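Chemist: I'd like to ask some things about the structure below.
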Amino acid sequence: DVRLWMPEHRLYTYPDLMVIKGDVIYHENRTDTVLNPLVIVEVLSKSTGSYDHGDKFKYYRSIPEFQEYILIDQYQYSVEQFVKTETGKWQVSFCESADSILTLSTIDFSINLTDLYEQVNFEQSEE
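Residue numbers (the numbering used here): 12 to 138.
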């Protein structure tokens with residue numbers, strides 16, 4: 012488990028996935044704590060969805076290297092993609108059908124939502 016330290020907020024989080032471009036910057040030389048993700052991915056749950064959209068995203072935006080935020084709904088085909096523009100504003104786009112393709116802006120990666128959700132049983136995930 013690798014955690015993310017946000018010094019401006021004096022807060023650790025454990026994102027579901029982080030992508031770091033270039034050298035990893037560790038907090039106090041701890042190899043389990045990073046400072047510089049380019050992309051952060053969170054899988055939403057009923058208990059964390061509001062936090063992931065709100066305060067956690069606000070905390071993540073304090074990271075200078077952070078450029079792209081992906082929120083994956085586990086209950087339906089739905090992915091939100093937030094990309095930081097050159098002017099520092101965040102643009103959002105949505106993928107909301109099985110045939111949608113999520114294409115990251117900051118790294119060379121694309122995935123069809125059918126593949127992303129390959130073994131997800133939506134009926135079971137709602138229970």
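Beta carbons: idealized from backbone N, C-alpha and C, even for Gly. Here the structure is a predicted model, which means the values were calculated and not measured.
Which partner residues of glutamate 97 appear in the DSSP bridge assignment?
Modeler: For glutamate 97, which the question treats as bridged, DSSP gives no partner whatsoever.
Chemist: With respect to the alpha helix (DSSP H) encompassing threonine 125, which residues constitute its N-terminal and C-terminal limits?
Modeler: It spans 124 to 127 - the alpha helix (DSSP H) in which threonine 125 sits, taken as one unbroken run.
Chemist: Name the two residues that bound the continuous alpha helix (DSSP H) containing tyrosine 70.
Modeler: Here the alpha helix (DSSP H) through tyrosine 70 covers 66 to 71.
Chemist: From what residue to what residue does the beta strand (DSSP E) around leucine 22 run?
Modeler: Looking at the DSSP string, the run of the beta strand (DSSP E) that includes leucine 22 is 22 to 24.
Chemist: Ignore the nearest five residues each way along the sequence and tell me which others in histidine 20's own chain have a CB closer than 7 Å to its CB.
Modeler: Cβ neighbours of histidine 20 beyond the five flanking positions: Tyr70 and Ser73.
Chemist: Can you give me the C-alpha to C-alpha distance between tryptophan 16 and glutamine 78, rounded to a whole angstrom?
Modeler: For tryptophan 16 and glutamine 78, the distance between alpha carbons rounds to 16 Å.
Chemist: Can you pull the DSSP bridge partners for threonine 114?
Modeler: Partner(s): Ser121.
Chemist: If you draw a straight line from the C-alpha of leucine 127 to the C-alpha of lysine 100, how long is it?
Modeler: Rounded to whole angstroms, leucine 127 to lysine 100 spans 27 Å at the Cα level.
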